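Colleague:
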Amino acid sequence: MQCQECDKTATFHITELAGGKPQEVHLCEDHAREYLSHGQEEQPAAPTLAGVLAHQLAIGQTAEDLARLDKRTCPMCGISFYEFRDKGRFGCPHDYVCFADELEALLANIHGETKHVGKCPQHSATDSAKQTELIRLRREMKNAISAENYERASTLRDEIRQIEAEVGEKQKTDRAGEEGGE
3 MQCQECDKTA TFHITELAGG KPQEVHLCED HAREYLSHGQ EEQPAAPTLA
53 GVLAHQLAIG QTAEDLARLD KRTCPMCGIS FYEFRDKGRF GCPHDYVCFA
103 DELEALLANI HGETKHVGKC PQHSATDSAK QTELIRLRRE MKNAISAENY
153 ERASTLRDEI RQIEAEVGEK QKTDRAGEEG GE
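Start counting at 1 in the sequence shown, then tack on 2, and there's your number in this note's numbering.
1. Could you check whether residue 112 and residue 136 sit closer than 8 Å to each other, using their CB atoms as the reference points?
2. Hey, residue 33 and residue 26: beta-carbon distance below 8 Å or not?
3. Check the C-beta distance from residue 12 over to residue 38 and give it rounded, since I have them as a contact under 8 Å.
4. Would you report the Cα separation of residue 73 and residue 84, rounded to the nearest angstrom?
5. Pick helix, strand or coil for residue 136, following the three-state DSSP scheme.
6. How is residue 157 classed by DSSP in three states: helix, strand or coil?
7. Return the CA-CA distance between residue 149 and residue 159, expressed in angstroms with no decimal places.
8. Taking the CB atoms as reference points, tell me whether residue 86 and residue 97 lie closer together than 8 Å.
9. In chain order, what residues of the same chain lie with their CB nearer than 7 Å to the CB of residue 157, ignoring the 5 residues before and after it?
10. What's the gap between the Cα of residue 153 and the Cα of residue 138?
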């Protein structure tokens, strides 16, 4: 392919978006250098020292805010915001409430909405509450064992077993109802 400015071979193929439409430019090395340096001249002059300092302070403030936020933990499951950012997963449904302010902008950016508009299983609300309670009880039991409070740990273990049994019975009942209804 030939350079659009002269008869040399085009070695640079540049695509720019102008007015929302792609524009292709094919240039030789000399004209490409000129074309690219011309684009840099149109950029604004270097920012002032005050502007640079203000920008650095804003970045520092943001970093401090993020460090403070990373240390916040969910009172139910104990996951920190840092763990969420690192793994991309929450520990329990309560995390959506605990970190609501931080998540609203993120969810709007990802999904375009901040409210769920899809279908939900009929039994999810009660199961979700039970699962959250199990997470909280397991965390409490772990803390009780760490503190060598074995009596409290055994009480919590019994509560966990009771809730697990209730959930198991409900699931059996739901399955039996589904099979009988077909």
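Using N, Cα and C, we set each Cβ at its ideal position, and we do this for glycine too.
Note that the coordinates shown come from a computational prediction; the quantities given were computed from them, not determined experimentally.
Modeller: Once the coordinates are examined:
1. As a position in the sequence shown, residue 136 is number 134, starting the count at 1. As a position in the sequence shown, residue 112 is number 110, starting the count at 1. Result no, Cβ atoms of residue 136 and residue 112 do not sit closer than 8 Å.
2. One-based indexing of the sequence shown puts residue 33 at position 31. One-based indexing of the sequence shown puts residue 26 at position 24. It is not a contact, given that the beta carbons lie outside the stated cut-off.
3. Here residue 12 corresponds to residue number 10 of the sequence shown, with the count starting at 1. Here residue 38 corresponds to residue number 36 of the sequence shown, with the count starting at 1. Their Cβ separation, rounded to whole angstroms, is 14 Å, which puts residue 12 and residue 38 out of contact at 8 Å.
4. Within the sequence shown, residue 73 is the residue found at index 71, counting from 1. Within the sequence shown, residue 84 is the residue found at index 82, counting from 1. Those two C-alpha atoms are separated by around 7 Å.
5. Numbered from its first residue, the sequence shown carries residue 136 at position 134. Helix.
6. Taking the first residue of the sequence shown as position 1, residue 157 is located at position 155. Residue 157: helix per DSSP, three-state reduction.
7. Looking up residue 149 in the sequence shown gives position 147. Looking up residue 159 in the sequence shown gives position 157. One C-alpha to the other measures close to 15 Å.
8. Mapped onto the sequence shown, residue 86 falls at position 84. Mapped onto the sequence shown, residue 97 falls at position 95. In this structure, residue 97 lies closer than 8 Å to residue 86 by Cβ.
9. Residue numbering aside, residue 157 sits at position 155 when the sequence shown is read from its first letter. Nothing listed; no residue qualifies.
10. Against the sequence shown, residue 153 aligns to sequence position 151. Against the sequence shown, residue 138 aligns to sequence position 136. Their Cα atoms are separated by approximately 17 Å.
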